[in-house]
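*Asks:* This structure is in structure tokens; I'll ask about it shortly.
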Amino acid sequence: MRYLKRCIGLALILVVGAAQAQSGSGGLLDNGGRGGESDFLKPAENGGQTAQQTTQGQPQGQQGDSENVERFEDWGVRCGLGDNGPRNGCEMFQGVTRSDNDKLVMRVAVAYPPQEQVDGPVAVFQLPLGIHLPPGVQMSIDGGEPIRFPVQICFQAGCRADLPLKDELLAKLKGGTKAQVSIRVPNGKTVNLPLSLMGFTAALDRISP
Numbered sequence: 001m002r003y004l005k006r007c008i009g010l011a012l013i014l015v016v017g018a019a020q021a022q023s024g025s026g027g028l029l030d031n032g033g034r035g036g037e038s039d040f041l042k043p044a045e046n047g048g049q050t051a052q053q054t055t056q057g058q059p060q061g062q063q064g065d066s067e068n069v070e071r072f073e074d075w076g077v078r079c080g081l082g083d084n085g086p087r088n089g090c091e092m093f094q095g096v097t098r099s100d101n102d103k104l105v106m107r108v109a110v111a112y113p114p115q116e117q118v119d120g121p122v123a124v125f126q127l128p129l130g131i132h133l134p135p136g137v138q139m140s141i142d143g144g145e146p147i148r149f150p151v152q153i154c155f156q157a158g159c160r161a162d163l164p165l166k167d168e169l170l171a172k173l174k175g176g177t178k179a180q181v182s183i184r185v186p187n188g189k190t191v192n193l194p195l196s197l198m199g200f201t202a203a204l205d206r207i208s209p
């Protein structure tokens, strides 16, 4: 409980970049009720940033002048998040959008919380409102055995699920090429959200304290 309370402030910082993109975007997971493989979804080309935060066209690893964003393949890194944010003020992030309208469906941010909270990095998943909460979230890496973790809380901008990245899981993420995040929608169908791991290791190295 103490960990959850103290991480709420951090999580708000991690997901604030996606709040405007999520707002007012109902039906984000509507693919005709098919569920299953969601070929109508794609990794966000700008990592899930809002239009004002995009730094597309810059060389990999180059820092944006105005928004302090660096690109590492499919991951972005933003620093300067303040004293109450991650341990060194940096987070890495990626978004998943609908291919038909570029609406943001999921945003994942990884950061190192203050050391008194947890030693290693934590992934914060921002998911749409309206998902079925009891099953929680599942994630598999390169088709491997899925891991399950709960949804902690829902805000106006979406629902949040935190996943501490322990050594074994972190090694799989570093060695993988893609992950699949699965959530349940109210009609009982499972929707699978793609998460690219290209650039994950380089981005993690960049934010490591």
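Going by full-length UniProt numbering, the final residue of the sequence shown carries number 209, and the count climbs one at a time with no gaps. Ideal placement from N, C-alpha and C gives every residue a C-beta, glycine not left out.
Using the Cα positions of PHE182 and ASN88, report the straight-line distance between them to the nearest angstrom.
*Replies:* Looking at the sequence provided, one finds Ser at residue 182 rather than Phe. Approximately 30 Å, taken between the alpha carbons.
*Asks:* Quick one: Cα of ASP102 to Cα of GLN156, how far?
*Replies:* Roughly 20 Å separates the two Cα atoms.
*Asks:* Less than 6 Å between C-beta atoms, sequence neighbours within five positions excluded: which residues of the same chain meet that for GLU145?
*Replies:* So the list is empty, once near-sequence residues are dropped.
*Asks:* Rounded to the nearest angstrom, what separates LEU173 and ASN68 at their Cα positions?
*Replies:* Near 25 Å, if we compare the C-alpha coordinates of ASN68 and LEU173.
*Asks:* Give the straight-line distance between the Cα atoms of GLY158 and PHE125, rounded to the nearest whole angstrom.
*Replies:* So the alpha carbons of these two residues sit roughly 10 Å apart.
*Asks:* By how many angstroms is the C-alpha of GLY176 removed from the C-alpha of ASP142?
*Replies:* Their backbone Cα atoms lie some 6 Å apart in a straight line.
*Asks:* What would DSSP say about LEU193, mapped onto helix, strand or coil?
*Replies:* If DSSP states are grouped into helix, strand and coil, LEU193 belongs with the strands.
*Asks:* If you draw a straight line from the C-alpha of PRO128 to the C-alpha of MET106, how long is it?
*Replies:* One C-alpha to the other measures close to 7 Å.
*Asks:* Is it buried or exposed for ILE207, if we count other Cβ within 10 angstroms and need 16 for buried?
*Replies:* With 16 or more Cβ atoms within 10 Å of its Cβ, ILE207 is classed as buried.
*Asks:* Give the DSSP-derived three-state secondary structure of LEU104 in the structure shown.
*Replies:* Three-state result, LEU104: strand.
*Asks:* By the three-class DSSP mapping on this structure, what secondary structure does THR97 have?
*Replies:* Three-state result, THR97: strand.
*Asks:* Just to confirm before moving on: does the CB-CB distance between VAL122 and LEU170 stay below 8 Å?
*Replies:* No, the pair does not count as a contact, with Cβ atoms beyond the cut-off.
*Asks:* Need the endpoints of the alpha helix (DSSP H) that LEU204 sits in, please.
*Replies:* That run of the alpha helix (DSSP H) goes 200-207.
*Asks:* Within 10 angstroms of its Cβ, does ILE131 collect 16 or more other Cβ (buried), or is it exposed?
*Replies:* So ILE131 ends up on the buried side.
*Asks:* Taking the beta strand (DSSP E) that ALA161 falls in, what are its first and last residues?
*Replies:* That run of the beta strand (DSSP E) goes 158-164.
*Asks:* Can you tell me whether ASP162 is buried or exposed? The criterion is at least 16 other CB atoms within 10 Å of its CB, across all chains shown.
*Replies:* With 16 or more Cβ atoms within 10 Å of its Cβ, ASP162 is classed as buried.
*Asks:* Measure the C-alpha to C-alpha separation of SER196 and VAL108 and round it to an integer number of angstroms.
*Replies:* Computed Cα separation, rounded: 11 Å.
*Asks:* Kindly identify the DSSP beta-bridge partner or partners of LEU127.
*Replies:* Answer is CYS159, bridged to LEU127.
*Asks:* If you drop the 5 nearest sequence neighbours on each side, which residues of the same chain put their C-beta closer than 8 Å to that of LEU193?
*Replies:* So the list reads SER38, LEU41, VAL96, VAL105, MET106, GLN180, VAL181, SER182, ILE183, once near-sequence residues are dropped.
*Asks:* What's the C-alpha gap between GLU70 and PRO86?
*Replies:* Roughly 17 Å between the two C-alpha positions.
*Asks:* Do MET92 and VAL110 have their C-beta atoms closer together than 8 Å?
*Replies:* Cβ atoms of MET92 and VAL110: closer than 8 Å.
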